[in-house]
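Q: The structure is given below, and queries will be raised subsequently.
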Ligand code: PGA
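Residue numbers (my numbering): 1 to 251.
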């Protein structure tokens with residue numbers, strides 16, 4: 001059985017003070033959530049404060065991006081050991097907004113993936129098609145290419161730390177969610193590609209989150225699909241009540 005994983009991607013939102021307030025509310029309302037891995041991913045500037053606030057709770061910390069080098073002349077970047085120092089255990093990689101606005105390619109995502117795994121950070125690797133791809137019947141081709149490029153050369157041990165997030169780009173921040181059937185179809189396909197990249201037992205254990213306008217009203221139906229193992233939540237993660245309701249739906 002795969003343990004569900006729900007992660008809040010706060011994107012470029014929340015000052016330190018706002019982040020502390022949000023995580024305090026989440027912590028208070030999620031006293032008991034041992035059946036789900038719950039991760040909060042604040043912006044870099046709030047990682048230290050949120051890390052301190054969640055000490056001793058069941059919440060886990062994630063970053064939204066990182067560089068692949070351990071240190072060096074990369075102005076404006078953050079290295080894996082800097083995240084580890086703050087007790088970060090997860091890092092979102094290859095989010096569609098990074099692919100679109102920061103030019104991240106599958107090759108770059110793969111470098112980051114290898115660096116994250118080497119630093120004992122669990123990567124949440126995002127894939128997903130644009131609306132034009134879906135309309136042209138290219139969803140599986142696009143997702144497969146992203147998976148093969150981003151997840152190349154993982155050892156069996158490394159696979160155990162990998163989380164994949166399927167985020168159809170047309171559903172992110174649009175209020176337009178994939179239907180449970182649409183999402184399940186792509187999740188099953190992603191699992192079949194992992195089977196091909198690794199093997200069947202690894203494919204059965206890798207967790208695949210759905211992301212894209214997930215909210216309390218649609219979370220239970222999405223997460224109850226056989227190949228959907230949780231959610232990567234954007235907008236609804238900025239509100240403690242909504243985020244907690246989604247975690248409870250996953251429970
Ligand atoms: P959304 O974002 O929930 O606001 O659609 C999801 C994401 O981009 O991770």
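Even glycine gets a Cβ: it sits at the ideal position worked out from N, Cα and C.
Values in this document were obtained by computation on a predicted structure and should not be read as measured data.
Return helix, strand or coil for residue 148, following the three-state DSSP convention.
A: helix
Q: Quick one: measure Cβ to Cβ for residue 5 and residue 39, integer angstroms, because I've assumed they're closer than 8 Å.
A: Taking the Cβ atoms as the reference, residue 5 lies roughly 7 Å from residue 39, within the contact range of under 8 Å.
Q: Which residue wins for smallest C-alpha separation from residue 126, given the options 246, 243, 233 and 241?
A: 233
Q: Can you give me the Cβ contacts of residue 242 inside the same chain, cut-off strictly under 7 Å, excluding the 5 residues immediately before and after it?
A: 215, 216 and 236
Q: So which of 162, 218, 87 and 160 has the shortest CA-CA distance to residue 249?
A: Measuring from the Cα of residue 249, the nearest candidate turns out to be 218.
Q: Listed by chain order, which residues have C-beta atoms less than 6 Å from any heavy atom of ligand 1?
A: 9, 167, 172, 173, 211, 212, 213, 214, 232, 233, 234, 235 and 236
Q: Leaving out the 5 sequence neighbours to the left and right, which residues in its chain are closer than 7 Å to residue 2 when beta-carbon positions are compared?
A: 205, 207 and 229
Q: Could you tell me which of 13, 36 and 85 sits nearest to residue 244, measuring between CA atoms?
A: 36
Q: For the alpha helix (DSSP H) that contains residue 180, what are its first and last residues?
A: Start and end: 180-197.
Q: Buried or exposed for residue 81, please, with buried defined as at least 16 other CB atoms from any protein chain shown within 10 angstroms of its CB.
A: exposed
Q: In the stretch 18-96, which residue ranges form an unbroken alpha helix (DSSP H) of at least 4 residues, counting only runs that do not cross its ends?
A: 44-53 and 80-85
Q: Give the single residue among 88, 227, 182 and 194 whose Cα lies nearest to the Cα of residue 137.
A: 182
Q: Do residue 17 and residue 44 come within 9 Å of each other at the CB atom, strictly closer than that value?
A: no
Q: Taking C-alpha atoms, which residue in 110, 70, 211 and 55 lies nearest to residue 28?
A: Checked all of 110, 70, 211 and 55; the closest Cα to residue 28 is 55.
Q: Pull the bridge partners of residue 127 from the DSSP assignment, please.
A: 166
Q: Can you tell me whether residue 327 is helix, strand or coil according to DSSP?
A: Residue coverage of the chain in this structure runs from 1 to 251, which leaves residue 327 outside it and unanswerable.
Q: To which residues of the same chain is residue 231 closer than 8 Å at the C-beta, ignoring the five residues directly before and after it?
A: Closer than 8 Å at Cβ, skipping near neighbours: 6, 7, 209, 210, 211, 214, 219, 222, 223, 246 and 250.
Q: Sort 13, 86 and 162 by Cα distance to residue 112 and report the nearest one.
A: 162
Q: Taking the straight line between their C-alpha atoms, what separation do you get for residue 33 and residue 89?
A: 18 Å
Q: Output the boundary residues of the beta strand (DSSP E) element that contains residue 232.
A: Judged by DSSP secondary structure, residue 232 falls within the beta strand (DSSP E) whose first and last residues are 230-233.
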